[in-house]
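The block underneath contains the structure these notes are about, expressed in structure tokens.
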Amino acid sequence: MLMEFANARLELTRLPELEASQTLHLAGAQVHLFGRPGWLVNYRELAYEDDPQAIAAALPELLAGFLAEPDQGRHGLARLSGAFLMLIARERRLEQVITSDELPNLVYWHLRQGQVVITDHWQDFLRGRDPRDPAAYSAPNLRWFSARKTCIPGQTWLSGLFRLRPATVYRAAAEGLAEQAAVYPLREPGQELSGQELYEVVGRRLGPGPFSLCYSTGIDSHHLLSSLAPRIKDVCTIYYRAPHQDQERSKEAAAALVNCLAAGKPYTPVAVDLADPGQVPFTEHAVLTDPFAAHHSCSMYRLFAAAQSQQVVTGQNADTMQFFALTSRMGPKELLFRSPASRQSPAGRLYYRWSAARSYGRPPLGGMLERRMLLGLGAQMARLTGPHGYWPIFYFKRIHNMTTGNTALFKNAARYWGKQVFFPYTEPLVFYVAAYYRRPLRLLLNPKGPLKARYRYLRHSQIKLPFGQGRPFRESPLFAQAAQGLDRLEPRLKAFFETQAREPMALVVLYTFARLALEGR
55 MLMEFANARL
65 ELTRLPELEA
75 SQTLHLAGAQ
85 VHLFGRPGWL
95 VNYRELAYED
105 DPQAIAAALP
115 ELLAGFLAEP
125 DQGRHGLARL
135 SGAFLMLIAR
145 ERRLEQVITS
155 DELPNLVYWH
165 LRQGQVVITD
175 HWQDFLRGRD
185 PRDPAAYSAP
195 NLRWFSARKT
205 CIPGQTWLSG
215 LFRLRPATVY
225 RAAAEGLAEQ
235 AAVYPLREPG
245 QELSGQELYE
255 VVGRRLGPGP
265 FSLCYSTGID
275 SHHLLSSLAP
285 RIKDVCTIYY
295 RAPHQDQERS
305 KEAAAALVNC
315 LAAGKPYTPV
325 AVDLADPGQV
335 PFTEHAVLTD
345 PFAAHHSCSM
355 YRLFAAAQSQ
365 QVVTGQNADT
375 MQFFALTSRM
385 GPKELLFRSP
395 ASRQSPAGRL
405 YYRWSAARSY
415 GRPPLGGMLE
425 RRMLLGLGAQ
435 MARLTGPHGY
445 WPIFYFKRIH
455 NMTTGNTALF
465 KNAARYWGKQ
475 VFFPYTEPLV
485 FYVAAYYRRP
495 LRLLLNPKGP
505 LKARYRYLRH
515 SQIKLPFGQG
525 RPFRESPLFA
535 QAAQGLDRLE
545 PRLKAFFETQ
555 AREPMALVVL
565 YTFARLALEG
575 R
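Residue numbers for the sequence shown follow the working numbering, beginning at 55 and rising by one.
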């Protein structure tokens, strides 16, 4: 889909979910819709409507409300869910861009000869630029990429290329697209929400299946195994082969076997061999699809290959929706001694959790919450959302953790194998309940306690067998092959990357990206 404005250009050529288009003429504006909302969300009844006629009938009214009163109308637009993009223009000039809650994380924008270009093809941006030149890369984002395996929200590590955030209203200006506001629902008057509703709405939008479950033996995956049992066809868990085995993954695979036998579900332990040259095409596909996320790409590609169903479901991001990703139990030992997995003191960990829980209805400015959880972007989040419930936190999580990183890894693998992936813990009603369920302070020490009390199952931490820890990823043939591939072509660029990034998985992505770019791929 190509569309030209006086000040902008749309170039969507790769994403089938954005192929459908229509134009609505409302209040003197042209609203161009790409893709289609798949659901109409009823936040009062905590229900979904997927009838296309009902969605089509609601669309003009919700858009008219936004055009008449943007600040209030954006909350109404949150009733529309799915993968779509809206451009609002007047007199052939693009004025605003509105992204949906499930906009693919592969839509970007950049400036070209004074025009804003919105594209789903980052390779087009790279043409005419020299990938050997360090100036082609954003040093702050390379460091962020190394530290967090993703980029600064809305940015990439290619200088001048920006990623569209989901659920956001943008204003078109001469200097590019500027974020105006987040799109999210306001709390229904008089509605009280609790942890019970949170777990009840998880997976409410899923169809009849059958599904393959990506299972990690955490309580969140086990909740899906139990609550979706009639729709689960098979279960898959990843582990790594020696000599690069990971102790925790090995225990998860063993515990999953026991839990799947108890549940009567077929189980496939998916072995990932970091010495197998067959992993390279998976890494290349991940980099060509989305080079701005750095994880063990080959592992998820192997899992999707093993999954028996065309639809895969995962408990990804469950920790965040339950208690802002601060969900580990703090018993007497954790309250007295510093955890080897955390640099914080026990008192600091407890204060961090308390700060997150009490931020309900407050702008999260300053202190540990701003610095550690929102990574210095608290003021920006507060400006875009306002102090409604926990929305400053959840909007940040949506544009940072949930559109890149592990979530991107699942989506890349699904595209490669032509399958669908579903994230029940990030459905619109889960966001809504999570944002307006005020966390009681009694959950600070054991946020998942109520959910764990529902089930008896084997946790990987209960396995006492001596699973050894293998050699690190940096010593794997997969890492060595990626490094040598770039070293042959451009050793100076390889050296530059190594001054900016240290994380091995991030380096593999950068090495592979540069090699493919230099080879003209």
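By construction, the Cβ of each residue, glycine as well, lies at the ideal position given by its N, Cα and C atoms. From a predicted model like this one, the values you see are computed outputs, not experimental measurements.
Spatially closest choice to residue i from the options, by CA coordinates
{"i": "residue 199", "options": "535, 424, 347 and 269", "result": "347"}
{"i": "residue 222", "options": "435, 73 and 376", "result": "435"}
{"i": "residue 327", "options": "336, 66 and 363", "result": "336"}
{"i": "residue 113", "options": "98, 132, 99 and 101", "result": "132"}
{"i": "residue 72", "options": "558, 57, 89 and 329", "result": "89"}
{"i": "residue 169", "options": "250, 227 and 286", "result": "227"}
{"i": "residue 286", "options": "456, 376, 361 and 217", "result": "361"}
{"i": "residue 439", "options": "558, 527 and 235", "result": "235"}
{"i": "residue 580", "options": "101, 92 and 316", "result": "The question about residue 580 has no answer here: the residues shown for the chain are numbered 55 through 575."}
{"i": "residue 339", "options": "83, 463, 525 and 186", "result": "463"}
{"i": "residue 550", "options": "502, 389, 67 and 185", "result": "185"}
{"i": "residue 526", "options": "215, 554 and 559", "result": "559"}
{"i": "residue 307", "options": "296, 111, 74 and 321", "result": "321"}
{"i": "residue 165", "options": "302, 218, 144 and 214", "result": "214"}
{"i": "residue 489", "options": "443, 161 and 269", "result": "443"}
{"i": "residue 534", "options": "329, 505 and 218", "result": "329"}
{"i": "residue 570", "options": "541, 554 and 122", "result": "541"}
Three-state secondary structure (DSSP) of residue i
{"i": "residue 323", "result": "strand"}
{"i": "residue 256", "result": "coil"}
{"i": "residue 332", "result": "helix"}
{"i": "residue 287", "result": "strand"}
{"i": "residue 268", "result": "strand"}
{"i": "residue 233", "result": "strand"}
{"i": "residue 195", "result": "helix"}
{"i": "residue 449", "result": "helix"}
{"i": "residue 96", "result": "strand"}
{"i": "residue 77", "result": "strand"}
{"i": "residue 91", "result": "strand"}
{"i": "residue 176", "result": "helix"}
Contact check, residue i vs residue j, beta carbons under 8 Å
{"i": "residue 212", "j": "residue 265", "result": "no"}
{"i": "residue 447", "j": "residue 410", "result": "yes"}
{"i": "residue 454", "j": "residue 220", "result": "no"}
{"i": "residue 324", "j": "residue 290", "result": "yes"}
{"i": "residue 65", "j": "residue 172", "result": "yes"}
{"i": "residue 238", "j": "residue 232", "result": "no"}
{"i": "residue 202", "j": "residue 343", "result": "no"}
{"i": "residue 152", "j": "residue 309", "result": "no"}
{"i": "residue 304", "j": "residue 521", "result": "yes"}
{"i": "residue 524", "j": "residue 297", "result": "yes"}
{"i": "residue 134", "j": "residue 196", "result": "no"}
{"i": "residue 532", "j": "residue 572", "result": "no"}
Exposed unless 16 or more other CB atoms sit within 10 angstroms - verdict on residue i
{"i": "residue 353", "result": "buried"}
{"i": "residue 451", "result": "buried"}
{"i": "residue 244", "result": "exposed"}
{"i": "residue 155", "result": "buried"}
{"i": "residue 79", "result": "exposed"}
{"i": "residue 387", "result": "exposed"}
{"i": "residue 424", "result": "buried"}
{"i": "residue 77", "result": "exposed"}
{"i": "residue 548", "result": "buried"}
{"i": "residue 482", "result": "buried"}
{"i": "residue 274", "result": "buried"}
{"i": "residue 466", "result": "buried"}
{"i": "residue 96", "result": "exposed"}
{"i": "residue 392", "result": "exposed"}
{"i": "residue 418", "result": "buried"}
{"i": "residue 139", "result": "buried"}
{"i": "residue 117", "result": "buried"}
{"i": "residue 217", "result": "buried"}
Contacts around residue i, its chain only, beta-carbon distance under 6 Å, and the 5 residues preceding and following it disregarded
{"i": "residue 69", "result": "158 and 174"}
{"i": "residue 406", "result": "422"}
{"i": "residue 415", "result": "441"}
{"i": "residue 373", "result": "379 and 381"}
Same chain, Cβ closer than 7 Å to residue i, neighbours up to 5 away in sequence not counted
{"i": "residue 485", "result": "448"}
{"i": "residue 345", "result": "563 and 567"}
{"i": "residue 460", "result": "349 and 370"}
{"i": "residue 478", "result": "256, 257, 260, 278 and 367"}
{"i": "residue 147", "result": "59, 60 and 61"}
{"i": "residue 471", "result": "358 and 359"}
Close beta carbons around residue i, own chain, < 8 Å, minus the five adjacent residues each side
{"i": "residue 44", "result": "This structure leaves residue 44 out entirely; the chain is present only between 55 and 575."}
{"i": "residue 491", "result": "247, 248, 249, 251 and 252"}
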